[in-house]
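**Student:** Following this message is one structure expressed as structure tokens.
There are 2 protein chains.
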Amino acid sequence: KAMVVTGVAHDINVARIGLFDVPDKPGIAWQIFRSLAGENINVDMIIQSAMRDDINDISFTVGRTDLRKTLEIVEKIKDEVNIKSYSHDEDVAKVSIVGAGMVTNPGVASLMFEALAQESINLEMISTSEIKISCIVKSTQAEKAVRALHKKFNLDQEQPCDCCS
Amino acid sequence: KAMVVTGVAHDINVARIGLFDVPDKPGIAWQIFRSLAGENINVDMIIQSAMRDDINDISFTVGRTDLRKTLEIVEKIKDEVNIKSYSHDEDVAKVSIVGAGMVTNPGVASLMFEALAQESINLEMISTSEIKISCIVKSTQAEKAVRALHKKFNLDQEQPCDCCS
Ligand SMILES: C[C@@H](O)[C@H](N)C(=O)O
Ligand SMILES: C[C@@H](O)[C@H](N)C(=O)O
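Respectively, the protein sequence lines represent chains L and E. Be aware that the first sequence starts at 6, since it is given in this note's numbering, and climbs by one per residue. Be aware that the second sequence starts at 6, since it is given in this note's numbering, and climbs by one per residue.
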């Protein structure tokens, strides 16, 4: 399992925004991200999990310098899109493990979550793809998280630098 | 914008599970995915967006043939992990756009959501990475979604086959 992961990456220029209780119907995500794209806001992660009843939550991350402008846009479109409430936090960081073929290896995500749980690091957001698993954690815990992941996946020997930082 | 996207992928062997109101504290994700990995369940997407108060929802997808066993495991760990409720749906499919450098292009996600919204396709889950944006939609709409995405990103000319299907 450990060989599948070839690197650990982290990014501290991260602010997360959570939009709560948006209508779960076609066109809502489009209205939100069209407004952000229109103002040239560079969105990194977009995460929406399963709905409950006819509402859903959508979270996304932007660079910290874009946070103020992003919140102005969210406030502007809030009524039109019917966003019940929203939250934000700029004291967060993204930590990721990267490697080809992770998705076919059921234990890799579990190992990553184990490494972070053993350091009492709370996972605020999670997103996975075939070659990368990313978690949002408190920025004060980012260094500890990166060290724990290097150790868990045996990458701490002579690793010159994180890949895809 | 359109040139950044080099392919459209889809996967119909998808079942989604939503776990609702789990405690938002370190170790919960580990307990859930350790139990699934222990039974060799191959989890594809794991999605968790921002928490509210001290609870959070976690959604994930598995191959349809693993759904029954997955639900047995969720039912078994439900009380120990404190999962308030869960839902599942196997009539879903994953549609994705792929391409290098998408994340630095704010409009790409918005264009994808536009293409799907214009076909009245509801986005049930969303997950993004640097090179791929994936949405879970109803399986009855998967073909329509793939066609709309090919068209929106000008990929419908002589495209021999979807990449990374
Ligand atoms: C919540 C939002 O994603 C909605 N389901 C949509 O399709 O736009
Ligand atoms: C909800 C769950 O992800 C929890 N925050 C954890 O760290 O495990």
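Beta carbons are placed, not taken as given, at the ideal position from N, Cα and C, and that holds for glycine.
1) Exposed or buried, what is E/Ala105 when buried is set at 16 or more other beta-carbons lying within 10 Å of its beta-carbon?
2) Can you confirm whether E/Asn87, when its beta carbon is compared against all beta carbons of chain L, has any partner nearer than 7 Å?
3) Comparing the C-beta of E/Gly12 with each C-beta of chain L, is any distance below 7 Å?
4) Can you determine whether any heavy atom of ligand 1 sits closer than 6 Å to the C-beta of L/Asn87, and answer yes or no?
5) Would you call E/Ser64 buried or exposed, if buried means 16 or more other Cβ atoms sit within 10 Å of its Cβ?
6) Could you work out which residue in L/Leu41, L/Leu72, L/Arg57, L/Ala114 is closest to L/Lys157 when comparing CA atoms only?
7) Taking the beta carbon of L/Ser101 as the centre, do at least 16 other beta carbons fall within 10 Å, making it buried, or is it exposed?
8) Taking 6 Å as the cut-off, is the beta-carbon of E/Gly28 closer than that to any non-hydrogen atom of ligand 1?
9) Since I believe L/Ile46 is in contact with L/Val13 (beta carbons under 8 Å), could you give me their beta-carbon distance rounded to a whole number of angstroms?
10) Cα separation between L/Pro31 and L/Glu95?
11) Sorted by chain position, which residues of the same chain lie with C-beta nearer than 6 Å to E/Asp26's C-beta, five sequence neighbours on each side aside?
12) Hey, would you say the C-beta of L/Ile33 is under 6 Å away from at least one heavy atom of ligand 1?
13) Locate the beta strand (DSSP E) running through L/Phe158, then write down its first and last residues.
14) Would E/Val142 and E/Ile126 qualify as a contact pair, given that the criterion is a beta-carbon distance under 7 Å?
15) Work out the CA separation of L/Glu85 and L/Gly112 for me, nearest whole Å.
16) Around the C-beta of E/Thr133, are 16 or more other C-beta atoms found within 10 angstroms, so that it is buried, or is it exposed?
17) Hey, how far is the Cα of E/Val151 from the Cα of L/His155?
18) Output yes if chain E places a C-beta closer than 7 Å to the C-beta of L/Ala105; else output no.
19) Can you give me the Cβ contacts of L/Arg69 inside the same chain, cut-off strictly under 6 Å, excluding the 5 residues immediately before and after it?
20) Quick one: what's got a C-beta closer than 8 Å to E/Glu124's C-beta in the same chain, skipping five residues either side?
21) What residues of chain E sit near L/Ile126, judged by a beta carbon separation below 7 Å?
22) Would you mind working out which of E/His15, E/Gly23, E/Val9 sits nearest E/His93, comparing C-alpha positions?
23) Buried or exposed: E/Glu77, going by 16 or more other Cβ atoms within 10 Å of its Cβ?
24) Using the C-alpha atoms, what's the distance from L/Asp161 back to E/Leu121?
25) Does the beta-carbon distance from L/Ile33 to E/Ser54 come in below 7 Å?
26) Starting from the C-beta of L/Asn87, find all residues in its chain whose C-beta is less than 6 Å away, skip the five residues before and the five after it, and write them out in chain order.
**Tutor:** Working from what's here:
1) exposed
2) no
3) no
4) no
5) buried
6) If we check each option's Cα against that of L/Lys157, L/Ala114 comes out closest.
7) buried
8) Reading off the sequence shown, one finds Pro at residue 28 of chain E, where the question assumed Gly. It does not: the Cβ of E/Pro28 is nowhere closer than 6 Å to a heavy atom of ligand 1.
9) With a beta-carbon spacing of about 27 Å, L/Val13 and L/Ile46 fall beyond the 8 Å limit used to define contacts.
10) 30 Å
11) Ile60, Lys89
12) For L/Ile33, the CB falls within less than 6 Å of some heavy atom of ligand 1.
13) Segment: none, L/Phe158 is in no beta strand (DSSP E) and carries neither H nor E.
14) Cβ distance < 7 Å, so E/Val142 and E/Ile126 count as in contact.
15) 43 Å
16) buried
17) 39 Å
18) no
19) So the list reads Asn18, Ala20, Glu95, once near-sequence residues are dropped.
20) Gln146, Lys149, Ala150, Ala153
21) Pro31
22) E/Gly23
23) exposed
24) 44 Å
25) no
26) Pro28
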